[in-house]
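Engineer: So that we are looking at the same thing, I have put the structure below in structure tokens.
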Amino acid sequence: MDSSLLTTVAILNNIRLCIFYIYFFAIVFGIIGHIINILVLTQLKLFRDNRWAFYLIIESVVDILYNLVMFTSNLLQIIYAIDPQSTVLVWCRSRLILFQTCTLVSSFTVCYAACDQFFSTSYRLNLRRMFTFKLARYVLLISSCIWLLHSIMFGLFFNINSSLGCVITNPVFLHYSTWFFYPVLYGPLQIAIAALSSLSAFQNVRRIVRQQVPIIRRRLDQQMTAMILVRALFYIICSLPYSIYRMIIINKANPQTDVLQYATRQLLFAIFTCWTGLNFTISFYIFFVTSARYRSQVKHLLVKKYWRRVKHLCSSNRNQVVPNNAPSSNSSMELE
Numbered sequence: 002m003d004s005s006l007l008t009t010v011a012i013l014n015n016i017r018l019c020i021f022y023i024y025f026f027a028i029v030f031g032i033i034g035h036i037i038n039i040l041v042l043t044q045l046k047l048f049r050d051n052r053w054a055f056y057l058i059i060e061s062v063v064d065i066l067y068n069l070v071m072f073t074s075n076l077l078q079i080i081y082a083i084d085p086q087s088t089v090l091v092w093c094r095s096r097l098i099l100f101q102t103c104t105l106v107s108s109f110t111v112c113y114a115a116c117d118q119f120f121s122t123s124y125r126l127n128l129r130r131m132f133t134f135k136l137a138r139y140v141l142l143i144s145s146c147i148w149l150l151h152s153i154m155f156g157l158f159f160n161i162n163s164s165l166g167c168v169i170t171n172p173v174f175l176h177y178s179t180w181f182f183y184p185v186l187y188g189p190l191q192i193a194i195a196a197l198s199s200l201s202a203f204q205n206v207r208r209i210v211r212q213q214v215p216i217i218r219r220r221l222d223q224q225m226t227a228m229i230l231v232r233a234l235f236y237i238i239c240s241l242p243y244s245i246y247r248m249i250i251i252n253k254a255n256p257q258t259d260v261l262q263y264a265t266r267q268l269l270f271a272i273f274t275c276w277t278g279l280n281f282t283i284s285f286y287i288f289f290v291t292s293a294r295y296r297s298q299v300k301h302l303l304v305k306k307y308w309r310r311v312k313h314l315c316s317s318n319r320n321q322v323v324p325n326n327a328p329s330s331n332s333s334m335e336l337e
């Protein structure tokens, strides 16, 4: 083989490894961010019994599982210097099932939250009463079971090909993937639903300002609507390139014997996978950057609750009586 070709392939592989190493840090920070999200949305009284917060909690839990799967997958590639997905059938199928289930559940949870906001902020009373906490639980439970069964059925049609790696071998399912799953179900549908519902909810919240609505509820509606709208925007930015890439390459597989094209495809796959993976790591950070009230809530929880509690536990004078904070101060901070 030509030396320049070998050099090019080596450079492409090194770039791919660098991308994976960088993505490791994104995964770690993403897991930390989701844990903080869960703590804020479950510990502060303001968000209790709030359906929109419930959606974001479920999304954070699913995203943590997604990040753990991606972390394991990337770690195995670095340790063995080869993608086990292309050589081990069990990992090929199980990784795809977990990866796809988490992706579908997380993305549709964002859609449900956006739709819920649209109906709940409507000026029509019958639309506001349509969504309830019980309905939200049932919708998420049933849809999660559907996506899990779909992913299991999808994964069973993946097999190891000696020259192509882990690919769909059933022609009927390949046709389904090409013309429906990736063009519709695996990104574009969620993008359209989330965008339209969030924009409509944002318009509804602007009308709420002119209605006789308690100021606490009004501020919470505005905060959650803005957070989900920004979340939907970043979902579009992170998901669209990967969906387009999958639609292009699903029927254009390059065999591993074509070294340069295979290395190029692996590099592109790493780039787009890591880019769409950011969709599952940055929700806390976009909320923290774009919402001043959320920053105050995070600071209140981490600094004025947990940090003071840790300092008290670590204090040498354990027998000293520490006065409780004024309840009015705590309640006012929780509503910020």
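Going by our numbering, the first residue of the sequence shown is number 2, and it counts up by one from there. Every residue gets a Cβ at the ideal spot worked out from N, C-alpha and C, and that includes glycine.
Since residue 160 sits in a beta bridge, which residues does DSSP pair it with?
Structural biologist: The partner list for residue 160 (beta bridge, DSSP) reads 168.
Engineer: What does a CB cutoff of less than 8 Å around residue 337 pick up in its chain, not counting 5 residues either side in sequence?
Structural biologist: In this prediction, residue 337 has a pLDDT of 48, which is less than 50 and means its spatial position is unreliable; nothing more can be read from the coordinates.
Engineer: Quick one: what's got a C-beta closer than 8 Å to residue 329's C-beta in the same chain, skipping five residues either side?
Structural biologist: Reliability of the predicted coordinates at residue 329 is poor, the pLDDT of 47 falling under 50, and no value is obtained from them.
Engineer: Does the beta-carbon of residue 308 have 16 or more other beta-carbons within 10 angstroms, so that it is buried, or is it exposed?
Structural biologist: It counts as exposed.
Engineer: Using 8 Å for Cβ pairs, my map puts residue 85 next to residue 77. What's the rounded Cβ distance?
Structural biologist: So it is a contact: roughly 5 Å between Cβ atoms.
Engineer: Just the C-alpha distance for residue 187 and residue 105, rounded to the nearest angstrom, thanks.
Structural biologist: About 7 Å.
Engineer: Closer than 7 Å to a non-hydrogen atom of the ligand HEM - does that hold for the CB of residue 244?
Structural biologist: Of the ligands one can find in the structure shown there are none, so the ligand HEM has no counterpart to examine.
Engineer: Is the distance from the Cβ of residue 240 to the Cβ of residue 115 below 8 Å?
Structural biologist: Taking 8 Å as the Cβ cut-off, residue 240 and residue 115 do not qualify as a contacting pair.
Engineer: Taking the C-alpha atoms as reference points, what is the distance between residue 220 and residue 47?
Structural biologist: Straight-line Cα distance between these residues: approximately 11 Å.
Engineer: Straight-line CA distance for residue 62 to residue 113?
Structural biologist: Whole-angstrom Cα-Cα distance: 16 Å.
Engineer: Where residue 50 and residue 134 are concerned, what is the direct C-alpha to C-alpha distance, given to the nearest angstrom?
Structural biologist: Between residue 50 and residue 134, the C-alpha separation is close to 8 Å.
Engineer: Under a three-way DSSP split, which group does residue 248 fall into?
Structural biologist: In the structure shown, residue 248 sits in a helix (DSSP, three-state: H, G or I).
Engineer: Once DSSP output is grouped into helix, strand and coil, what is the label at residue 89?
Structural biologist: Coil at residue 89, not helix or strand.
Engineer: Helix or strand or just coil, what does DSSP make of residue 154?
Structural biologist: Three-state DSSP puts residue 154 in a helix.
Engineer: Identify the continuous alpha helix (DSSP H) that holds residue 287 and give its terminal residues.
Structural biologist: It spans 284–291 - the alpha helix (DSSP H) in which residue 287 sits, taken as one unbroken run.
Engineer: My output table needs one value for residue 122: the three-state DSSP class, helix, strand or coil.
Structural biologist: Looking at residue 122 - three-state DSSP - the assignment turns out to be coil, as it is neither helix nor strand.
Engineer: Can the beta-carbon of residue 17 be found closer than 8 Å to that of residue 267?
Structural biologist: Contact flag set, yes.
Engineer: How should residue 323 be labelled, buried or exposed, when 16 other C-beta atoms within 10 angstroms of its C-beta is the threshold for buried?
Structural biologist: Only weak support is given to the placement of residue 323: the predicted model assigns it a pLDDT of 48, under 50, and the value that follows is read from those uncertain coordinates. Counting Cβ neighbours within 10 Å, residue 323 comes out exposed, since fewer than 16 surround it.
Engineer: Rounded to whole angstroms, what's the CA-CA distance from residue 25 to residue 130? Just pull it up for me.
Structural biologist: Approximately 43 Å between the Cα atoms of the pair.
Engineer: Any idea what DSSP makes of residue 132, helix, strand or coil?
Structural biologist: Correct three-state label for residue 132: coil.
Engineer: Pull up the CB-CB distance for residue 132 and residue 205, whole angstroms please, since I reckon it's below 8 Å.
Structural biologist: Actually they are not in contact, since the Cβ atoms of residue 132 and residue 205 sit about 13 Å apart, beyond 8 Å.
Engineer: Locate the alpha helix (DSSP H) running through residue 312, then write down its first and last residues.
Structural biologist: First-last of the alpha helix (DSSP H) with residue 312: 309–315.
Engineer: According to the neighbour-count rule (16 or more other Cβ atoms, all chains shown, within 10 Å of its Cβ), is residue 244 buried or exposed?
Structural biologist: Per the 10 Å Cβ criterion, buried.
Engineer: Let me check understanding here. Comparing Cα to Cα, which of 140, 38, 262 lies closest to residue 353?
Structural biologist: Past the edges of the chain, shown from 2 to 337, lies residue 353, and the structure says nothing about it.
Engineer: Helix, strand or coil: how does DSSP classify residue 183 here?
Structural biologist: Correct three-state label for residue 183: helix.
Engineer: Exposed or buried, what is residue 183 when buried is set at 16 or more other beta-carbons lying within 10 Å of its beta-carbon?
Structural biologist: Answer is buried; the Cβ neighbour count reaches 16.
Engineer: For residue 39, which residues from the same chain have a beta carbon less than 8 Å from its beta carbon, with the 5 sequence-adjacent residues on both sides left out?
Structural biologist: These residues qualify, in order along the chain: 58, 61, 62.
Engineer: In the structure shown, what three-state DSSP assignment does residue 232 receive?
Structural biologist: Three-state DSSP puts residue 232 in a helix.
Engineer: Consult DSSP for residue 51 and reduce its assignment to one of helix, strand or coil.
Structural biologist: Looking at residue 51 - three-state DSSP - the assignment turns out to be coil, as it is neither helix nor strand.
Engineer: Which residues in the same chain as residue 193 place their Cβ atom closer than 6 Å to its Cβ, once the five residues preceding and following it in sequence are excluded?
Structural biologist: So no residue of the chain qualifies.
Engineer: Which of the three DSSP states is assigned to residue 45 in this structure?
Structural biologist: Coil, per DSSP.
Engineer: I think residue 281 touches residue 107, with their Cβ atoms under 8 Å apart; what is that distance to the nearest whole Å?
Structural biologist: Rounded, the Cβ-Cβ distance is 6 Å, consistent with contact.
Engineer: Do the CB positions of residue 271 and residue 21 come within less than 8 Å of each other?
Structural biologist: Yes, Cβ-Cβ distance for residue 271 and residue 21 is below 8 Å.
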